[in-house]
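Below is one structure; the comments refer to it alone.
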Amino acid sequence: MSGAAMGITRMIDLPQIHDQRGDLTFVEGGNHIPFDIARVYYLYNVPVDAERGGHAHRELEQIVFALSGSFRMKIDDGTTKSEYWLRDPRKGLYIRRLVWREMDAFSQGAVCMVLASHSYDEADYYRNYEDFLAAVRSPSA
Ligand code: TYD
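Structure, rendered in structure tokens:
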């Protein structure tokens, strides 16, 4: 079963208002997003050969968008690995807690925006893959 089928990730589609002046997309807390947005951050000026991510979170949930350009997200729930190419600013990848993620293959000028369920807290990170696996496999995960 794929990660998407297991519900660890899914795509969130946002509205698009299109007219001759261009496109407009909006995000409403309590409507489009399955958690209260506590933080927004974005990645930019990313070298095309950079690798980002390489961690999981104890509690944090996130939705990741490619506002401009494209990049790859590699997702791993400790059992199943899947890959997503993000390139559409209307479509966000919803990533639940306890999911290992890696990002690479950024296009020139790509901008990645992340909506997050909590403020930044380094204590919420698993930055060691073995620690992440142990957490996923523990009965209380
Ligand atoms: P990190 O989450 O490792 O970035 P990525 O997953 O994109 O590779 O964060 C990189 C650094 O930035 C790290 O020192 C923590 C810091 N940081 C904050 O201070 N606040 C934040 O909201 C985020 C996401 C990171």
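In the working numbering, the protein residues as written are 16 to 156.
Heads up, the beta-carbon is just placed ideally off N, CA and C, and yes, glycines get one too.
Just so you know, these numbers come straight off a predicted model, no measurement behind them.
Residue i: first and last residue of the uninterrupted alpha helix (DSSP H) it sits in
| i | result |
| --- | --- |
| E98 | Looking at the DSSP string, E98 is not in any alpha helix (DSSP H); the run it does join, the beta strand (DSSP E), is 96-101. |
| A149 | 144-152 |
Beta-carbon separation (whole angstroms), residue i vs residue j, contact threshold 8 angstroms
| i | j | result |
| --- | --- | --- |
| V79 | L101 | 6 angstroms |
| H163 | E74 | Here the chain comprises residues numbered 16 to 156, so residue 163 is not present and cannot be evaluated. |
| M26 | K106 | 5 angstroms |
| F41 | E76 | Actually they are not in contact, since the Cβ atoms of F41 and E76 sit about 20 angstroms apart, beyond 8 angstroms. |
| R87 | A120 | 4 angstroms |
| L108 | V151 | So it is not a contact: roughly 19 angstroms between Cβ atoms. |
Buried versus exposed, by CB contacts within 10 Å (16 or more), residue i
| i | result |
| --- | --- |
| R116 | buried |
| I32 | exposed |
| R142 | exposed |
Residue i beta carbon near the ligand TYD (any heavy atom closer than 6 angstroms)
| i | result |
| --- | --- |
| R67 | yes |
| Y59 | no |
| Y56 | yes |
| Y141 | no |
| Y135 | yes |
Boundaries (first-last residue) of the beta strand (DSSP E) holding residue i
| i | result |
| --- | --- |
| I52 | Looking at the DSSP string, I52 is not in any beta strand (DSSP E), and its letter there is neither H nor E. |
| Q77 | 77-83 |
| G124 | Premise fails: G124 is in no beta strand (DSSP E) and is neither H nor E. |
| L113 | First-last for L113: undefined, no H or E at that position. |
| A71 | 67-72 |
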